[in-house]
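What follows is a single structure, written as structure tokens, with notes after it.
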Amino acid sequence: MRPPSRPGIAMRFRFTPEQQAFRQEVLDFLAENLPPEPEGKLDDRLRGEMGWSGEFSLKLAAKNWVALPWPKEYGGLGGTAMQQVIFNEEMSYHRAPIGAHRRGVFYVGPILILYGTDEQKKKHLNAVTSGTGYYCQLFSEPGAGSDLASLQTRAIRDGDDYVVSGQKIWTSDGHRADYGWLVARTDPDAPKHKGISTFILDMKSPGVTVRPLVNMAGSHSFNEVFFDNVRVPKENMVGEENRGWYHAAATLDFERSSIAVFAGTRRFLDDLAAVLRERPRSNSVRHSIADLYTTVLVGQMLSYSIGSMQEAGRVPNKEASAAKLLSSELRQNASIAAIKALGLEGQVEDGPGAVRYGRYARDYLANVSATIAGGTSEIQRNVIATRGLGLPRG
Ligand SMILES: Cc1cc2nc3c(=O)[nH]c(=O)nc-3n(C[C@H](O)[C@H](O)[C@H](O)COP(=O)(O)OP(=O)(O)OC[C@H]3O[C@@H](n4cnc5c(N)ncnc54)[C@H](O)[C@@H]3O)c2cc1C
Numbered sequence: 452m453r454p455p456s457r458p459g460i461a462m463r464f465r466f467t468p469e470q471q472a473f474r475q476e477v478l479d480f481l482a483e484n485l486p487p488e489p490e491g492k493l494d495d496r497l498r499g500e501m502g503w504s505g506e507f508s509l510k511l512a513a514k515n516w517v518a519l520p521w522p523k524e525y526g527g528l529g530g531t532a533m534q535q536v537i538f539n540e541e542m543s544y545h546r547a548p549i550g551a552h553r554r555g556v557f558y559v560g561p562i563l564i565l566y567g568t569d570e571q572k573k574k575h576l577n578a579v580t581s582g583t584g585y586y587c588q589l590f591s592e593p594g595a596g597s598d599l600a601s602l603q604t605r606a607i608r609d610g611d612d613y614v615v616s617g618q619k620i621w622t623s624d625g626h627r628a629d630y631g632w633l634v635a636r637t638d639p640d641a642p643k644h645k646g647i648s649t650f651i652l653d654m655k656s657p658g659v660t661v662r663p664l665v666n667m668a669g670s671h672s673f674n675e676v677f678f679d680n681v682r683v684p685k686e687n688m689v690g691e692e693n694r695g696w697y698h699a700a701a702t703l704d705f706e707r708s709s710i711a712v713f714a715g716t717r718r719f720l721d722d723l724a725a726v727l728r729e730r731p732r733s734n735s736v737r738h739s740i741a742d743l744y745t746t747v748l749v750g751q752m753l754s755y756s757i758g759s760m761q762e763a764g765r766v767p768n769k770e771a772s773a774a775k776l777l778s779s780e781l782r783q784n785a786s787i788a789a790i791k792a793l794g795l796e797g798q799v800e801d802g803p804g805a806v807r808y809g810r811y812a813r814d815y816l817a818n819v820s821a822t823i824a825g826g827t828s829e830i831q832r833n834v835i836a837t838r839g840l841g842l843p844r845g
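So for the sequence shown, the working numbering puts the first residue at 452; every next one is plus one.
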């Protein structure tokens with residue numbers, strides 16, 4: 452007897468012929484334009500960080516691929532959410548150096564598309580899509596990370612300007628950015644979520660000081676940024692005064708599938724498998740790699756389902772947090788598994804004994820932060836448990 456049909460349970464997932472053709476176009480582009488990984492020298496890509504190549508950004512810009520879902524009038528392709536997922540997947544798997552424009556695309560562009568003036572859009576969206584403008588995100592402070600609404604940096608109106616004073620921290624690429632997306636307190640007397648505004652700040656403004664923070668893997672990727680009475684023209688405010696918290700929250704509706712991390716981890720495990728094929732290891736090592744690979748495959752499907760939700764106009768909330776949680780813990784666990792599998796050899800960072808130029812040692816150190824950056828694992832669990840599943844706080 453056939454089991455009764457269960458409407459809504461059956462699922463058939465397949466990329467459309469157009470999506471498959473687009474993936475092939477991306478692969479062809481990469482085959483022709485991907486800069487080779489340097490032999491014997493650690494660049495950002497081998498350190499487990501996002502590579503930076505202004506030249507590669509310009510090549511993407513020539514195809515309107517820097518920010519492909521953005522409107523054509525701002526240099527995008529007017530592409531779909533699924534196209535962006537496919538694009539991010541292939542860029543990440545092939546370790547394409549997209550670091551130069553990445554923050555402009557994923558952080559700064561969305562707020563401008565939703566709330567920017569025509570002038571702001573014309574200037575900044577075009578700077579991003581032309582591959583010539585570099586941006587950073589000025590959110591976290593020494594006393595405000597997960598609880599960002601506690602931020603203390605002030606922006607006080609003075610004539611046609613706001614005068615900004617305070618400090619930000621962990622500002623990735625702050626030392627290379629032309630502009631930063633700043634959140635600052637404009638009404639200290641309002642409840643904490645209600646007195647915040649957002650601005651685009653010229654990083655060359657007098658009074659801005661950027662100091663490097665070198666991470667435990669020895670890379671300079673983030674910074675401290677200090678503001679000493681920095682004048683920001685009022686035209687640089689994005690959206691309404693004191694509505695910045697709500698404006699920033701709305702940008703979470705943009706690409707949030709975490710596909711880049713799943714694809715990057717798949718590549719990491721493929722490479723690790725190639726190294727381990729020459730170094731037979733115990734069953735438990737082989738099984739741990741197999742478990743990680745299984746989670747990669749599950750994660751990819753989760754990312755695709757988030758992409759298709761977004762394509763259907765739905766906002767992934769608990770799903771996006773689940774993908775961030777799963778992907779960042781997976782990435783960290785893959786780094787740990789590699790170090791365990793390679794033993795002492797894997798810990799050598801330099802010299803003739805270093806496996807693949809010491810990438811595994813660096814990668815292990817670089818990925819300790821995977822479960823902190825972009826919202827910690829505990830915060831993702833809070834979102835899934837409370838907003839997602841409606842579990843009351845104890
Ligand atoms: C590699 C990297 C790059 C970054 N880049 C940027 C950037 O470009 N711009 C920017 O503005 N920021 C950036 N950050 C900062 C990042 O957003 C914060 O580090 C993150 O939000 C956590 O904040 P925090 O460091 O203040 O830790 P805290 O919020 O102080 O958290 C400390 C610990 O307490 C836990 N915790 C906090 N609140 C809760 C809670 N309610 N329930 C349960 N546990 C909780 C956390 O999970 C964590 O384990 C970056 C961070 C890293 C690591």
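Virtual Cβ for every residue (Gly too), placed ideally from N, Cα, C.
query	result
Counting along the chain, where does the beta strand (DSSP E) carrying His-626 start and finish?	Run containing His-626: none; DSSP gives neither H nor E here.
Taking its Cβ as the centre, do 16 or more other Cβ atoms sit within 10 Å of Leu-793, making it buried, or is it exposed?	buried
Kindly examine ligand 1 and report whether one of its heavy atoms sits closer than 7 Å to the Cβ of Ile-830.	yes
Can you determine whether any heavy atom of ligand 1 sits closer than 7 Å to the C-beta of Phe-650, and answer yes or no?	no
Does the distance from the C-beta atom of Ala-668 to that of Val-579 stay below 8 Å?	no
Alpha carbons only, please: which of Arg-730, Val-559, Leu-727, Ala-711 is nearest the one belonging to Met-688?	Val-559
Quickly, what does DSSP pair His-552 with across the bridge? List them, please.	Bridge partners of His-552: none, in fact.
From the DSSP output, in three-state form, read off Asp-742 for me.	helix
Apart from the five residues just before and just after Asn-680, which ones in its own chain have a Cβ nearer than 6 Å to its Cβ?	Val-614, Ser-616, Gly-658
Is the beta carbon of Ser-772 less than 8 Å from the beta carbon of Val-834?	yes
Within the present structure, is the beta-carbon of Asp-814 separated from the nearest heavy atom of ligand 1 by less than 7 Å?	no
Taking only the alpha-carbon atoms, compute the straight-line gap between Met-654 and Tyr-630 and give it to the nearest angstrom.	5 Å
So, are the CB atoms of Trp-632 and Ile-549 less than 8 Å apart?	no
Exposed or buried, what is Ser-778 when buried is set at 16 or more other beta-carbons lying within 10 Å of its beta-carbon?	buried
Quick one: does the C-beta of Leu-588 sit closer than 7 Å to a heavy atom of ligand 1?	The question names Leu, but residue 588 is Gln in the sequence shown. It does: the Cβ of Gln-588 is within 7 Å (strictly closer) of some heavy atom of ligand 1.
Figure out for me which residue from Leu-748, Ala-785, Leu-664 has the closest Cα to the Cα of Trp-621.	Leu-664
For a test of the three-state rule: what should DSSP assign to Ser-504, helix, strand or coil?	coil
For Thr-837, is the beta carbon positioned less than 7 Å from some heavy atom of ligand 1?	no
Flag Ala-699 as yes when its Cβ comes closer than 7 Å to any non-hydrogen atom of ligand 1, and as no otherwise.	no
Exposed or buried, Ala-472, counting other C-beta atoms within 10 Å across all chains shown (16 or more means buried)?	exposed
Going by alpha carbons, who is nearest to Ser-656 out of Thr-716, Asp-640, Val-683, Asp-638?	Val-683
Hey, is Ser-708 close to ligand 1, as in C-beta under 7 Å from one of its heavy atoms?	no
Using the rule of at least 16 other Cβ atoms within 10 Å of the residue's Cβ for burial, across every protein chain shown, is Ala-482 buried or exposed?	exposed
Does the pairing of the stretch 691-707 with the stretch 507-516 give three or more beta-carbon distances under 8 Å?	no
Can you give the Cα-Cα distance for Leu-497 and Met-752, rounded to whole angstroms?	Confidence at Leu-497 is low in this model, with a pLDDT of 49, below 50, so its placement is unreliable and no value can be given for it.
What are the start and end residues of each continuous alpha helix (DSSP H) run of 4 or more residues lying completely inside the stretch 759-807, in chain order?	769-797
Measuring only the C-alpha atoms, how far is Thr-649 from Ala-699?	8 Å
How is Tyr-697 classed by DSSP in three states: helix, strand or coil?	helix
Pair every Cβ in the stretch 704-714 with every Cβ in the stretch 757-776, then say whether three or more of these pairs are closer than 8 Å.	yes
If we count Cβ pairs, one from each stretch, closer than 8 Å, do we get three or more for the stretch 735-753 versus the stretch 804-820?	no
Out of Pro-731, His-552, Glu-729, point me to the one whose CA is closest to Asp-624's CA.	His-552
Does the Cβ-Cβ distance between Glu-540 and Ala-714 come in under 8 Å?	yes
Quick check on Ile-823: does DSSP put it in helix, strand or coil?	coil
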